[in-house]
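Asks: I have a structure here, written as structure tokens, and I will follow up with some questions on it.
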Amino acid sequence: MKSGIKSSLAALGAAVLLAACAGPRYGDVADRIPALEAAEGRIYFYQPVTPNGDKVAQPAILVDDRKVGRSKSGRFFFVDRAPGEVEVITATDRKERKDALKVPLAAGQTRYVRVDVAGGRQVLRLEASADEAVQAMKDLRYWGAGHRDREPLRYE
């Protein structure tokens, strides 16, 4: 009996710790995300929750051949870049010599790259509608960009 209670408490403790590791939801922190510098553009990467999304590989996402983060089901992150046409690709697609997604980015502009799962792999798609992207991101959790590009979020 005591071992059953101990096991239950251990499982509960593990669940609490895992929940604490999850980042804040976009809808809860959107107004606290650092403002975009006037001379830069911002790109959000987001992957809606998908069935079996956690079982799919989480390849690195590269912007202009530089790793900026990893895609994960139910998560989002963002990076700020100088204006111009940026090339976005997953490490898997780069290894297989597939074409990068070209994202035109103007100073002060925010773009959204949706990561969908098709055939067991991530597919990058530029979202045309900012409103649709923001709506899709509302319940997604902040995953953070790569350490060089990570922006601290104040969500306490």
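Letter by letter, the sequence shown follows residues -22 to -1, 1 to 134 of mature numbering (1 follows the signal peptide of the UniProt record, and there is no 0). Each residue gets a CB set at the ideal place from its N, CA and C atoms; glycine is no exception.
In whole angstroms, give me the CA-to-CA distance for R3 and M115.
Replies: On the sequence shown, position 25 is the one that residue 3 refers to. On the sequence shown, position 137 is the one that residue 115 refers to. Between R3 and M115, the C-alpha separation is close to 8 Å.
Asks: Do you know how far the Cα of L14 is from the Cα of K50?
Replies: Counted from its first residue, the sequence shown places residue 50 at position 72. Counted from its first residue, the sequence shown places residue 14 at position 36. Going by the C-alpha atoms only, they are around 24 Å apart.
Asks: Distance, Cα to Cα, F23 vs V91?
Replies: Taking the first residue of the sequence shown as 1, we reach residue 23 at position 45. Taking the first residue of the sequence shown as 1, we reach residue 91 at position 113. Cα to Cα, the separation comes out at about 5 Å.
Asks: With a CB to CB cut of under 6 Å and the five nearest residues on each side skipped, what residues in its chain are close to E105?
Replies: For this step, residue 105 is matched to residue 127 along the sequence shown. Y90, R92 and A111, listed in sequence order.
Asks: Hey, how far is the Cα of P37 from the Cα of A16?
Replies: Residue mapping note: residue 37 aligns to position 59 of the sequence shown, counting from 1. Residue mapping note: residue 16 aligns to position 38 of the sequence shown, counting from 1. So the alpha carbons of these two residues sit roughly 31 Å apart.
Asks: Kindly indicate the opening and closing residues of the alpha helix (DSSP H) around T70.
Replies: Start at 1 with the first residue of the sequence shown, and residue 70 comes out as number 92. Looking at the DSSP string, the run of the alpha helix (DSSP H) that includes T70 is A69 to K73.
Asks: Just to check my reading of the structure: V66 and V81 have Cβ atoms closer than 8 Å, yes? What is that Cβ distance to the nearest angstrom?
Replies: Numbered from 1 along the sequence shown, position 88 holds the residue referred to as residue 66. Numbered from 1 along the sequence shown, position 103 holds the residue referred to as residue 81. That pair is a contact at about 6 Å.
Asks: Return helix, strand or coil for Q87, following the three-state DSSP convention.
Replies: Position 109 of the sequence shown holds residue 87. Correct three-state label for Q87: coil.
Asks: My assumption, with CB atoms under 8 Å, is that L40 sits in contact with A69. Please give the rounded CB distance.
Replies: Indexing the sequence shown from 1 puts residue 40 at position 62. Indexing the sequence shown from 1 puts residue 69 at position 91. With 8 Å as the limit, L40 and A69 qualify as a contact, their Cβ atoms being about 6 Å apart.
Asks: If you drop the 5 nearest sequence neighbours on each side, which residues of the same chain put their C-beta closer than 6 Å to that of V64?
Replies: The count along the sequence shown starts at 1 and reaches residue 64 at position 86. Excluding positions up to five away in sequence, the list reads V41, D42, V81 and L83.
Asks: Within its chain, find whatever has a CB closer than 6 Å to the CB of V27; leave out the 5 residues flanking it on each side and keep chain order.
Replies: In the sequence shown, the residue the question calls residue 27 occupies position 49. Answer for V27: S51 and G52, listed in chain order.
Asks: For the beta strand (DSSP E) that contains A38, what are its first and last residues?
Replies: Numbered from its first residue, the sequence shown carries residue 38 at position 60. Note, A38: beta strand (DSSP E), A38 to V41.
Asks: Would you list the one or two residues that DSSP bridges to A60?
Replies: If you number the sequence shown from 1, residue 60 lands on position 82. Paired residue(s): none; A60 is not in a bridge.
Asks: Taking the C-alpha atoms as reference points, what is the distance between G62 and R20?
Replies: In the sequence shown, the residue the question calls residue 62 occupies position 84. In the sequence shown, the residue the question calls residue 20 occupies position 42. G62 and R20: Cα-Cα distance of roughly 11 Å.
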